[in-house]
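Since the structure comes first, as C-alpha cells, the remarks are kept for the end.
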Amino acid sequence: MESLFPGKEKLYEGKAKMIFPGDNPGEVYMVFKDSATAFNGVKKGTIEDKGRLNAEISAILFNLLEERGIKTHYIEKVDEVTLKVRKLRILPVEVVVRNIVAGSLSKRSGREEGTPLPRPVLEIYYKSDELGDPLWNDEHVLVFGVLTEDELSEVKEMARKVSGILREFFAGRGLELVDMKLEFGRIVTSGPAGEEVLGPIVLGDEISPDTCRFWDKSTGEKLDKDRFRRDLGGVREAYVEVLRRISN
Ligand code: TMP
Ligand code: ASP
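Start counting at 1 in the sequence shown, then tack on 9, and there's your number in this note's numbering.
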C-alpha cells in the first residue's frame with residue numbers, strides 16, 4: 010500500500026489507517042487498511058477488503074453530512090482505499106453517541122444489550138493508548154484542560170447533530186444506528202512564516218462499521234465490527250452489506 014505514495018514518508022500509522030503528506034498544504038491522504046484490532050490492540054486480525062469498504066462507506070457518509078451542513082475534513086476520494094482530507098490537529102477525545110444500550114454501556118450499567126435509550130446518551134473518552142482511552146466526565150475534560158468549555162460544548166452539539174442525521178439516514182436503509190464514535194479536530198493551515206495556524210473545529214477520522222454499531226432493523230443481525238470482536242463470523246459480509254444498503 011505504501012507504493013501508492015512513492016517517496017513519501019508516512020506522517021502517522023494507526024491501527025486501521027495511515028496518513029501520508031498531501032500534495033497541497035493543509036491536505037493529507039488517509040489510507041484505510043485491512044487490519045483490525047479490538048480491546049485496545051489485544052485482539053488483532055485482518056478483515057479482507059476492509060480498507061476499501063471503510064474508505065467507500067466513510068466517503069458516502071462524509072458527503073451526506075457535508076450536504077446537511079456539517080463541516081468535516083473530507084475533500085474527495087482519490088482511490089479505492091484513500092481519501093484526501095484536510096489536515097487536522099485532532100482533539101484528544103473520542104465522542105460516543107448511543108441510541109440503544111450495547112457494548113461497554115451494557116457492562117457498566119447492567120442494562121441488557123438492545124435496551125432503547127429515551128434520548129441519545131453522549132460519552133467522552135480521553136484518547137490515551139497508555140490509559141486505554143478511559144471514560145471521562147465533563148468535569149475531568151475541563152479540569153485537566155483537555156478541552157475548553159467552548160470546545161466541549163461545540164463537539165457535543167456537533168456529535169448530537171451528526172448522530173441525528175445518520176440515524177435517520179440509516180433507518181431509511183433498514184439499519185439501526187445503535188451507537189457511534191466520533192473524532193473532531195481543528196483545521197491546520199500554515200501562517201506567513203510557515204507556522205501552524207489552527208482554524209475551526211470539524212468532524213474528522215472515519216465513519217464506518219469499525220466505529221459504529223449497525224443492527225439490521227428487521228432481523229437484529231449485527232452488521233459491524235462486533236462480528237470481529239465477538240468472533241461471530243461473516244465479518245467481511247457484514248461490511249459489504251452496510252455498503253450495499255447505503256449505496257444510491
Ligand atoms: P463501546 O460500547 O465498546 O464503548 O463502543 C461504543 C462505540 O464506539 C461503538 O460503536 C464502537 C466504537 N468504538 C470505536 O470506534 N473505537 C474504540 O476504541 C471503541 C472502544 C469503541
Ligand atoms: N479499535 C480499538 C482497539 O484496538 C477497539 C475497538 O474498536 O474495539 O483496540
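The beta carbon of each residue, even a glycine, is placed where N, CA and C say it ideally should be.
**Study point:** Distance between beta carbons of L184 and L232, contact taken as under 8 Å
**Key:** Position 223 of the sequence shown, counting from 1, holds the residue named residue 232. Position 175 of the sequence shown, counting from 1, holds the residue named residue 184. So it is a contact: roughly 7 Å between Cβ atoms.
Exercise for review: Determine the DSSP secondary structure at N108, reduced to helix, strand or coil.
Suggested key: Numbered from its first residue, the sequence shown carries residue 108 at position 99. The answer is strand: DSSP assigns N108 an E or B state.
Check your understanding: With N63 and D219 assumed to form a contact (beta carbons below 8 Å), what rounded beta-carbon distance in angstroms separates them?
Key -> Position 54 of the sequence shown holds residue 63. Position 210 of the sequence shown holds residue 219. Correct: roughly 6 Å between the Cβ atoms.
Exercise for review: Under 7 Å Cβ to Cβ from E163, same chain only, skipping five residues before and after it: list those, please.
Suggested key: Start at 1 with the first residue of the sequence shown, and residue 163 comes out as number 154. Excluding positions up to five away in sequence, the list reads I210.
Check your understanding: For the ligand TMP, is there a heavy atom less than 7 Å away from the beta-carbon of D219?
Key -> The residue given as residue 219 occupies position 210 in the sequence shown. True, at least one ligand heavy atom lies under 7 Å from that Cβ.
Point to revise | Limits of the unbroken beta strand (DSSP E) element including V90 | key: Position 81 of the sequence shown, counted from the start, is the residue given in the question as residue 90. Bounds of any beta strand (DSSP E) do not take in V90, whose DSSP letter is neither H nor E.
**Study point:** Residue from V171, G203, E230 and V90 with nearest C-alpha to P129
**Key:** Counted from its first residue, the sequence shown places residue 129 at position 120. It is V171 whose Cα lies nearest to the Cα of P129.
Check your understanding: Is E36 closer than 8 Å to I84 when the C-beta atoms are compared?
Key -> For the purposes of this step, residue 84 is identified with residue 75 of the sequence shown, where counting begins at 1. For the purposes of this step, residue 36 is identified with residue 27 of the sequence shown, where counting begins at 1. Taking 8 Å as the Cβ cut-off, I84 and E36 qualify as a contacting pair.
Check your understanding: Shortest alpha-carbon distance to L92 belongs to which of T81, L161 and G50?
Key -> For this step, residue 92 is matched to residue 83 along the sequence shown. Put simply, of T81, L161 and G50 the residue whose alpha carbon is nearest the alpha carbon of L92 is T81.
Exercise for review: Measure how close the beta-carbons of K24 and G54 come, nearest whole angstrom, since I'm counting them as under 8 Å.
Suggested key: By 1-based counting over the sequence shown, the position of residue 24 is 15. By 1-based counting over the sequence shown, the position of residue 54 is 45. Between G54 and K24 the Cβ distance is about 11 Å, and since that is not below 8 Å, they are no contact.
Review point. Are the CB atoms of K17 and F29 nearer to each other than 8 Å?
Key: Residue 17 sits at position 8 when you count from the first residue of the sequence shown. Residue 29 sits at position 20 when you count from the first residue of the sequence shown. Yes, the Cβ-Cβ distance between K17 and F29 is below 8 Å.
Check your understanding: Which partner residues of E103 appear in the DSSP bridge assignment?
Key -> Here the question's residue 103 lines up with position 94 in the sequence shown. The partner list for E103 (beta bridge, DSSP) reads Y134.
Check your understanding: For K26, which beta-bridge partners are listed by DSSP?
Key -> The residue you call residue 26 lines up with position 17 of the sequence shown. Answer by DSSP bridge pairing, in chain order: F41.
Practice item. Keeping to the same chain, check which residues put their C-beta closer than 8 Å to that of T46; ignore five residues upstream and five downstream. Key: One-based indexing of the sequence shown puts residue 46 at position 37. Only K24, A25, K52, K53 and G54 meet the Cβ criterion.
Exercise for review: Kindly list the residues whose CB is nearer than 6 Å to the CB of V244, restricted to its own chain and excluding five residues on each side of it in sequence; keep chain order.
Suggested key: Looking up residue 244 in the sequence shown gives position 235. Closer than 6 Å at the Cβ level, and outside the excluded window around V244, lie I56, R236 and F237.
Practice item. Return the residue from the list R107, R117 and Y134 that minimises the CA-CA distance to G173. Key: For the purposes of this step, residue 173 is identified with residue 164 of the sequence shown, where counting begins at 1. The shortest C-alpha to C-alpha distance from G173 to any of R107, R117 and Y134 is the one to R107.
Exercise for review: Compare the Cα-Cα distances from E65 to each of P201, K234, D88 and F48 and report the closest residue.
Suggested key: Locating residue 65 in the sequence shown gives position 56, where the first residue counts as 1. Among P201, K234, D88 and F48, the Cα nearest to that of E65 is on D88.
Practice item. Please list, in chain order, all residues of the same chain as R77 whose beta carbon is under 7 Å from its beta carbon, the five residues on each side excluded. Key: On the sequence shown, position 68 is the one that residue 77 refers to. Counting only Cβ-Cβ distances below 7 Å, and skipping sequence neighbours, we find I174.
Check your understanding: Closest to Y135 by CA distance: which of G123, E230, H149 and L126 is it?
Key -> Start at 1 with the first residue of the sequence shown, and residue 135 comes out as number 126. Looking at the Cα atoms, H149 is the closest of the given residues.
Point to revise | Residue of L100, M39, Y21 and S44 minimising C-alpha distance to V155 | key: Reading the sequence shown from its first residue, position 146 is the one you call residue 155. Of the residues L100, M39, Y21 and S44, the one whose Cα lies closest to the Cα of V155 is L100.
**Study point:** Classification of V152 by the beta-carbon crowding that lies within 10 angstroms, buried from 16 upward
**Key:** Position 143 of the sequence shown, counting from 1, holds the residue named residue 152. Label assigned to V152: exposed.
Check your understanding: Any heavy atom of the ligand TMP closer than 7 Å to the CB of V164?
Key -> Counted from its first residue, the sequence shown places residue 164 at position 155. Checking the Cβ of V164 against the ligand TMP gives no.
Point to revise | Identity of the residue in G208, V187 and G203 nearest G194 by Cα | key: Against the sequence shown, residue 194 aligns to sequence position 185. Of G208, V187 and G203, the smallest CA-CA separation from G194 is found for G208.
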